[in-house]
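Shown next, in C-alpha coordinates, is the structure this report addresses.
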Amino acid sequence: MKWQHLLKDFQIYLKIERGLSENTIINYAHDIEKLMRFLEDNDINLSPLAIDETTIQQFIYEVAKILNARSQTRIISGLKSFFNYLIFEDYRKDNPMELIEAPKIGRKLPDTLALEDIEKLIATIDLSKAEGHRNKAIIETLYGCGLRVSELVGLKLSDLFFDEGFIRVTGKGDKQRFIPISKFTQKHINLYIKGDRIKVKHIPEFSDTVFLNRRGKQLTRVMIFTIIKRLTEKAEIKKNISPHTFRHSFATHLLENGADLRAIQLMLGHESITTTEIYMHVDRSHLAKVMEKYHPRT
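Each residue of the sequence shown is one higher than the one before, starting from 1 at the first, in full-length UniProt numbering.
Encoded structure:
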(Lines of atoms letter the chains of each structure in order from A and count residues from 1; the text may use other names and numbers.)
(Lines give C-alpha, C1' and ligand atoms only; values in the text may rest on other atoms or scores of the structure.)
Protein backbone atom coordinates (compact mmCIF):
# COMPACT_ATOMS: atom_id res chain seq x y z
CA MET A 1 0.00 0.00 0.00
CA LYS A 2 1.14 3.54 -0.71
CA TRP A 3 2.43 6.01 1.89
CA GLN A 4 -0.18 8.71 1.19
CA HIS A 5 -3.09 6.29 1.54
CA LEU A 6 -1.90 4.90 4.88
CA LEU A 7 -0.95 8.36 6.16
CA LYS A 8 -4.48 9.58 5.49
CA ASP A 9 -5.94 6.57 7.33
CA PHE A 10 -3.51 7.20 10.21
CA GLN A 11 -4.65 10.82 10.52
CA ILE A 12 -8.30 9.70 10.68
CA TYR A 13 -7.34 7.18 13.38
CA LEU A 14 -5.57 9.88 15.43
CA LYS A 15 -8.62 12.14 15.25
CA ILE A 16 -11.43 9.62 15.75
CA GLU A 17 -9.87 6.91 17.90
CA ARG A 18 -7.32 8.89 19.93
CA GLY A 19 -9.04 12.28 19.94
CA LEU A 20 -5.86 14.25 19.26
CA SER A 21 -5.95 17.94 18.38
CA GLU A 22 -5.66 19.16 14.79
CA ASN A 23 -2.23 20.67 15.44
CA THR A 24 -0.87 17.43 16.91
CA ILE A 25 -2.18 15.44 13.94
CA ILE A 26 -0.56 17.90 11.52
CA ASN A 27 2.78 17.52 13.34
CA TYR A 28 2.57 13.71 13.13
CA ALA A 29 1.86 13.95 9.40
CA HIS A 30 4.78 16.33 8.81
CA ASP A 31 7.19 13.91 10.51
CA ILE A 32 6.05 11.00 8.36
CA GLU A 33 6.25 13.18 5.24
CA LYS A 34 9.91 13.90 6.11
CA LEU A 35 10.58 10.17 5.89
CA MET A 36 8.69 9.98 2.60
CA ARG A 37 10.81 12.80 1.14
CA PHE A 38 13.99 11.09 2.33
CA LEU A 39 13.01 7.89 0.50
CA GLU A 40 12.13 9.81 -2.64
CA ASP A 41 15.34 11.89 -2.62
CA ASN A 42 17.44 8.75 -2.24
CA ASP A 43 15.49 6.67 -4.80
CA ILE A 44 14.52 4.14 -2.14
CA ASN A 45 11.36 2.44 -3.34
CA LEU A 46 10.00 0.92 -0.11
CA SER A 47 6.39 0.95 0.98
CA PRO A 48 5.32 1.44 4.63
CA LEU A 49 4.81 -2.31 4.78
CA ALA A 50 8.33 -3.13 3.54
CA ILE A 51 10.56 -0.45 5.04
CA ASP A 52 13.11 -1.89 7.45
CA GLU A 53 15.10 -0.79 10.50
CA THR A 54 18.28 -0.11 8.49
CA THR A 55 16.53 2.38 6.22
CA ILE A 56 14.90 4.08 9.20
CA GLN A 57 18.29 4.40 10.89
CA GLN A 58 19.72 6.03 7.76
CA PHE A 59 16.85 8.54 7.85
CA ILE A 60 17.34 9.29 11.56
CA TYR A 61 21.08 9.78 10.93
CA GLU A 62 20.33 12.40 8.26
CA VAL A 63 17.74 14.09 10.47
CA ALA A 64 20.27 14.33 13.33
CA LYS A 65 22.52 16.47 11.13
CA ILE A 66 20.00 19.29 10.89
CA LEU A 67 17.60 19.00 13.84
CA ASN A 68 18.14 19.33 17.58
CA ALA A 69 17.58 16.48 20.04
CA ARG A 70 14.07 17.61 20.94
CA SER A 71 12.94 17.65 17.30
CA GLN A 72 14.57 14.26 16.67
CA THR A 73 12.71 12.83 19.67
CA ARG A 74 9.38 14.10 18.34
CA ILE A 75 10.00 12.57 14.89
CA ILE A 76 10.97 9.20 16.39
CA SER A 77 7.87 9.26 18.59
CA GLY A 78 5.64 10.08 15.61
CA LEU A 79 7.10 7.30 13.48
CA LYS A 80 6.74 4.77 16.29
CA SER A 81 3.07 5.67 16.57
CA PHE A 82 2.59 5.34 12.81
CA PHE A 83 4.11 1.87 12.64
CA ASN A 84 2.25 0.78 15.79
CA TYR A 85 -0.93 1.82 13.96
CA LEU A 86 0.06 -0.38 10.99
CA ILE A 87 0.52 -3.31 13.40
CA PHE A 88 -2.84 -2.52 15.03
CA GLU A 89 -4.52 -2.68 11.60
CA ASP A 90 -2.66 -5.92 10.69
CA TYR A 91 -0.70 -4.28 7.87
CA ARG A 92 2.62 -5.21 9.54
CA LYS A 93 3.80 -7.77 12.05
CA ASP A 94 6.71 -5.72 13.41
CA ASN A 95 7.70 -2.12 14.17
CA PRO A 96 10.99 -1.09 12.47
CA MET A 97 11.31 1.65 15.11
CA GLU A 98 11.31 -0.81 18.01
CA LEU A 99 15.07 -0.73 18.68
CA ILE A 100 15.62 2.92 17.74
CA GLU A 101 16.07 5.08 20.82
CA ALA A 102 15.40 8.79 21.00
CA PRO A 103 18.31 11.04 22.05
CA LYS A 104 18.46 11.97 25.71
CA ILE A 105 17.22 15.48 26.32
CA GLY A 106 17.16 17.54 29.46
CA ARG A 107 13.94 18.86 30.82
CA LYS A 108 13.63 22.41 29.50
CA LEU A 109 12.55 24.86 32.14
CA PRO A 110 9.88 27.24 30.85
CA ASP A 111 10.61 30.94 30.42
CA THR A 112 8.59 33.16 32.73
CA LEU A 113 7.94 36.85 33.21
CA ALA A 114 7.91 38.81 36.44
CA LEU A 115 4.64 40.58 37.20
CA GLU A 116 6.46 43.88 36.64
CA ASP A 117 7.37 42.80 33.08
CA ILE A 118 3.78 41.80 32.32
CA GLU A 119 2.48 45.13 33.58
CA LYS A 120 5.16 46.96 31.59
CA LEU A 121 4.12 45.12 28.44
CA ILE A 122 0.42 45.84 29.01
CA ALA A 123 1.20 49.52 29.62
CA THR A 124 2.51 49.83 26.05
CA ILE A 125 -0.91 48.99 24.57
CA ASP A 126 -2.51 52.05 22.94
CA LEU A 127 -6.15 51.90 24.10
CA SER A 128 -7.11 54.71 21.70
CA LYS A 129 -6.65 52.34 18.75
CA ALA A 130 -9.44 50.06 17.54
CA GLU A 131 -7.60 46.91 18.64
CA GLY A 132 -6.37 48.37 21.96
CA HIS A 133 -8.91 46.90 24.38
CA ARG A 134 -8.92 43.63 22.45
CA ASN A 135 -5.14 43.22 22.76
CA LYS A 136 -5.24 44.10 26.46
CA ALA A 137 -8.00 41.54 27.02
CA ILE A 138 -5.93 38.94 25.15
CA ILE A 139 -2.88 39.43 27.38
CA GLU A 140 -4.97 39.53 30.55
CA THR A 141 -6.75 36.31 29.55
CA LEU A 142 -3.54 34.46 28.64
CA TYR A 143 -1.95 35.42 31.95
CA GLY A 144 -5.10 35.44 34.10
CA CYS A 145 -6.31 31.97 33.03
CA GLY A 146 -3.15 30.22 31.79
CA LEU A 147 -4.59 29.36 28.38
CA ARG A 148 -2.82 27.78 25.44
CA VAL A 149 -2.91 30.00 22.35
CA SER A 150 -5.24 27.52 20.59
CA GLU A 151 -7.61 27.69 23.56
CA LEU A 152 -7.58 31.49 23.47
CA VAL A 153 -8.42 31.85 19.77
CA GLY A 154 -11.14 29.20 20.11
CA LEU A 155 -12.80 30.85 23.13
CA LYS A 156 -16.54 31.49 22.62
CA LEU A 157 -18.92 34.02 24.14
CA SER A 158 -21.01 31.00 25.17
CA ASP A 159 -17.97 29.75 27.14
CA LEU A 160 -18.01 32.77 29.45
CA PHE A 161 -19.79 32.09 32.74
CA PHE A 162 -18.86 35.31 34.50
CA ASP A 163 -21.70 35.17 37.05
CA GLU A 164 -20.31 31.85 38.25
CA GLY A 165 -16.70 33.05 37.94
CA PHE A 166 -15.57 30.47 35.34
CA ILE A 167 -14.79 30.10 31.67
CA ARG A 168 -15.11 26.86 29.70
CA VAL A 169 -12.04 25.94 27.67
CA THR A 170 -11.65 23.32 24.96
CA GLY A 171 -8.11 21.94 25.19
CA LYS A 172 -6.09 19.15 23.59
CA GLY A 173 -8.12 16.27 22.23
CA ASP A 174 -11.27 18.45 22.43
CA LYS A 175 -11.34 17.92 26.20
CA GLN A 176 -13.22 20.62 28.07
CA ARG A 177 -12.41 22.06 31.46
CA PHE A 178 -13.63 24.97 33.58
CA ILE A 179 -11.11 27.57 34.76
CA PRO A 180 -11.76 30.22 37.43
CA ILE A 181 -11.57 33.76 36.07
CA SER A 182 -10.98 36.78 38.29
CA LYS A 183 -13.16 39.89 38.31
CA PHE A 184 -10.11 41.82 37.08
CA THR A 185 -9.78 39.67 33.92
CA GLN A 186 -13.56 39.68 33.43
CA LYS A 187 -13.51 43.47 33.45
CA HIS A 188 -11.05 43.70 30.56
CA ILE A 189 -12.88 41.09 28.49
CA ASN A 190 -16.15 42.95 29.03
CA LEU A 191 -14.57 46.28 28.08
CA TYR A 192 -13.60 44.74 24.77
CA ILE A 193 -16.86 42.83 24.16
CA LYS A 194 -19.09 45.80 24.96
CA GLY A 195 -16.85 48.31 23.22
CA ASP A 196 -14.48 47.65 20.33
CA ARG A 197 -15.91 44.22 19.46
CA ILE A 198 -19.37 45.72 18.74
CA LYS A 199 -17.80 48.00 16.11
CA VAL A 200 -16.52 45.02 14.10
CA LYS A 201 -18.73 43.83 11.25
CA HIS A 202 -19.52 40.30 12.38
CA ILE A 203 -19.38 37.32 10.06
CA PRO A 204 -22.13 34.86 11.15
CA GLU A 205 -19.69 31.94 11.31
CA PHE A 206 -17.70 33.73 14.02
CA SER A 207 -20.52 35.53 15.85
CA ASP A 208 -19.88 33.45 18.98
CA THR A 209 -16.07 33.86 18.89
CA VAL A 210 -14.67 36.21 21.55
CA PHE A 211 -11.54 37.59 19.87
CA LEU A 212 -12.03 38.82 16.29
CA ASN A 213 -9.86 40.56 13.72
CA ARG A 214 -11.01 43.74 12.02
CA ARG A 215 -12.79 41.71 9.31
CA GLY A 216 -14.91 39.89 11.86
CA LYS A 217 -13.06 36.57 11.68
CA GLN A 218 -11.47 34.51 14.43
CA LEU A 219 -7.89 35.53 15.17
CA THR A 220 -5.21 33.06 14.11
CA ARG A 221 -2.45 31.65 16.31
CA VAL A 222 0.08 33.52 14.17
CA MET A 223 -1.69 36.82 14.79
CA ILE A 224 -1.50 36.30 18.55
CA PHE A 225 2.25 35.67 18.26
CA THR A 226 2.59 38.84 16.15
CA ILE A 227 0.66 40.98 18.65
CA ILE A 228 2.86 39.78 21.52
CA LYS A 229 6.07 40.24 19.54
CA ARG A 230 5.19 43.85 18.72
CA LEU A 231 4.26 44.65 22.31
CA THR A 232 7.47 43.03 23.56
CA GLU A 233 9.59 45.16 21.22
CA LYS A 234 7.67 48.30 22.20
CA ALA A 235 8.16 47.55 25.90
CA GLU A 236 11.89 46.89 25.24
CA ILE A 237 11.75 43.55 27.02
CA LYS A 238 14.73 41.49 25.86
CA LYS A 239 13.30 38.05 26.66
CA ASN A 240 11.94 35.78 23.94
CA ILE A 241 8.23 35.99 24.73
CA SER A 242 5.44 33.91 23.18
CA PRO A 243 1.80 33.26 24.17
CA HIS A 244 3.03 30.22 26.12
CA THR A 245 5.22 32.49 28.27
CA PHE A 246 2.08 33.88 29.90
CA ARG A 247 0.82 30.35 30.58
CA HIS A 248 4.15 29.48 32.23
CA SER A 249 4.05 32.69 34.23
CA PHE A 250 0.47 31.95 35.35
CA ALA A 251 1.52 28.54 36.73
CA THR A 252 4.80 29.75 38.25
CA HIS A 253 3.24 32.70 40.06
CA LEU A 254 0.45 30.50 41.46
CA LEU A 255 3.02 28.03 42.76
CA GLU A 256 5.18 30.76 44.26
CA ASN A 257 2.18 32.13 46.12
CA GLY A 258 1.33 28.77 47.68
CA ALA A 259 -1.14 27.19 45.23
CA ASP A 260 -1.54 23.41 45.30
CA LEU A 261 0.18 21.61 42.41
CA ARG A 262 -2.89 19.45 41.77
CA ALA A 263 -5.07 22.57 41.40
CA ILE A 264 -2.56 24.05 38.92
CA GLN A 265 -2.62 20.77 36.96
CA LEU A 266 -6.42 20.94 36.62
CA MET A 267 -6.38 24.58 35.53
CA LEU A 268 -3.65 23.99 32.94
CA GLY A 269 -5.40 20.88 31.62
CA HIS A 270 -2.38 18.60 32.04
CA GLU A 271 -3.28 14.90 31.86
CA SER A 272 -0.35 13.93 34.07
CA ILE A 273 0.88 15.63 37.24
CA THR A 274 4.45 14.97 36.05
CA THR A 275 3.93 17.57 33.29
CA THR A 276 2.94 20.15 35.90
CA GLU A 277 5.85 19.22 38.16
CA ILE A 278 8.27 21.01 35.85
CA TYR A 279 7.18 24.23 37.60
CA MET A 280 8.63 22.87 40.84
CA HIS A 281 12.07 23.39 39.29
CA VAL A 282 11.57 26.97 38.14
CA ASP A 283 12.32 28.78 41.39
CA ARG A 284 14.42 26.79 43.82
CA SER A 285 14.73 29.76 46.15
CA HIS A 286 10.95 29.64 46.60
CA LEU A 287 11.12 25.94 47.51
CA ALA A 288 13.79 26.71 50.11
CA LYS A 289 11.52 29.31 51.69
CA VAL A 290 8.64 26.81 51.78
CA MET A 291 10.86 24.28 53.52
CA GLU A 292 12.04 26.86 56.05
CA LYS A 293 8.51 28.03 56.81
CA TYR A 294 6.62 24.75 56.98
CA HIS A 295 9.01 21.91 57.96
CA PRO A 296 9.01 21.22 61.73
CA ARG A 297 12.76 20.60 61.84
CA THR A 298 13.75 24.05 60.57
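A virtual CB, placed ideally from N, CA and C, is assigned to each residue, including glycine.
Nearest-angstrom Cβ-Cβ length linking residue i and residue j, presumed shorter than 8 Å
| i | j | result |
| --- | --- | --- |
| Phe-38 | Phe-59 | 5 Å |
| residue 299 | Leu-219 | A query on residue 299 cannot be resolved here, the shown segment of the chain reaching from 1 to 298 and no further. |
| Val-169 | Glu-140 | Their Cβ separation, rounded to whole angstroms, is 15 Å, which puts Val-169 and Glu-140 out of contact at 8 Å. |
| Leu-231 | Ile-118 | Rounded, the Cβ-Cβ distance is 10 Å, inconsistent with contact. |
| Thr-276 | Leu-254 | With a Cβ gap of about 11 Å, Thr-276 and Leu-254 do not count as contacting. |
| Ile-167 | Leu-160 | 6 Å |
| Ile-203 | Gly-216 | 4 Å |
| Leu-86 | Leu-6 | 7 Å |
| Tyr-28 | Leu-14 | 6 Å |
For residue i, the nearest candidate out of the options (CA to CA)
| i | options | result |
| --- | --- | --- |
| Ile-25 | Lys-172, Lys-293, Gly-195, Lys-120 | Lys-172 |
| residue 309 | Glu-164, Lys-229, Ile-198 | Nothing about residue 309 can be reported from this structure: the residues present for the chain run from 1 to 298 only. |
| residue 303 | Ala-102, Pro-48, Leu-266 | This structure cannot settle anything about residue 303, because the visible part of the chain is limited to 1 through 298. |
| Pro-180 | Ser-81, Lys-8, Phe-162 | Phe-162 |
| Ile-32 | Gln-4, Asp-260, Lys-15 | Gln-4 |
| Lys-238 | Leu-121, Lys-156, Ser-21 | Leu-121 |
| Tyr-143 | His-188, Leu-160, Asp-159, Asp-174 | His-188 |
| Ile-138 | Ser-272, Asp-52, Phe-246, Leu-6 | Phe-246 |
| Asn-257 | Glu-131, Leu-115, Thr-73 | Leu-115 |
| Gln-176 | Arg-221, Lys-15, Met-267, Leu-14 | Met-267 |
| Glu-17 | Pro-204, Phe-88, Ile-227 | Phe-88 |
| residue 302 | Ile-56, Ile-75, Asn-42 | Because the chain is modelled from 1 through 298, residue 302 falls outside the range shown and cannot be assessed. |
| Asn-190 | Ser-207, Phe-211, Phe-178 | Phe-211 |
| Lys-2 | Met-36, Glu-53, Leu-14 | Met-36 |
| Asn-42 | Glu-62, His-30, Asn-23 | Glu-62 |
Proximity test, Cβ basis, 8 Å: residue i and chain C
| i | result |
| --- | --- |
| Asp-94 | Structure shown: chain C not included; a single protein chain is present. |
Proximity below 8 Å, CB of residue i to CB of residue j
| i | j | result |
| --- | --- | --- |
| Leu-113 | Ser-249 | yes |
| Ile-51 | Pro-96 | yes |
| Phe-82 | Arg-92 | no |
| Gly-78 | Ala-251 | no |
| Gly-19 | Asp-174 | yes |
| Ile-100 | Ile-75 | no |
| Val-149 | Ile-264 | no |
| Ala-130 | Asp-208 | no |
Worksheet item: In the segment 133-201, which residue ranges form an unbroken alpha helix (DSSP H) of at least 4 residues, counting only runs that do not cross its ends?
Response: 149-153, 183-193
Worksheet item: Along the chain, which unbroken stretches of the beta strand (DSSP E) at least 3 residues long are found entirely within the segment 216-254?
Response: none
Item to complete: Report the residue ranges of all alpha helix (DSSP H) runs contained in full by the UniProt domain "Core-binding (CB)" (1-87); include only those spanning at least 4 residues, in chain order.
Response: 3-16, 22-41, 53-66
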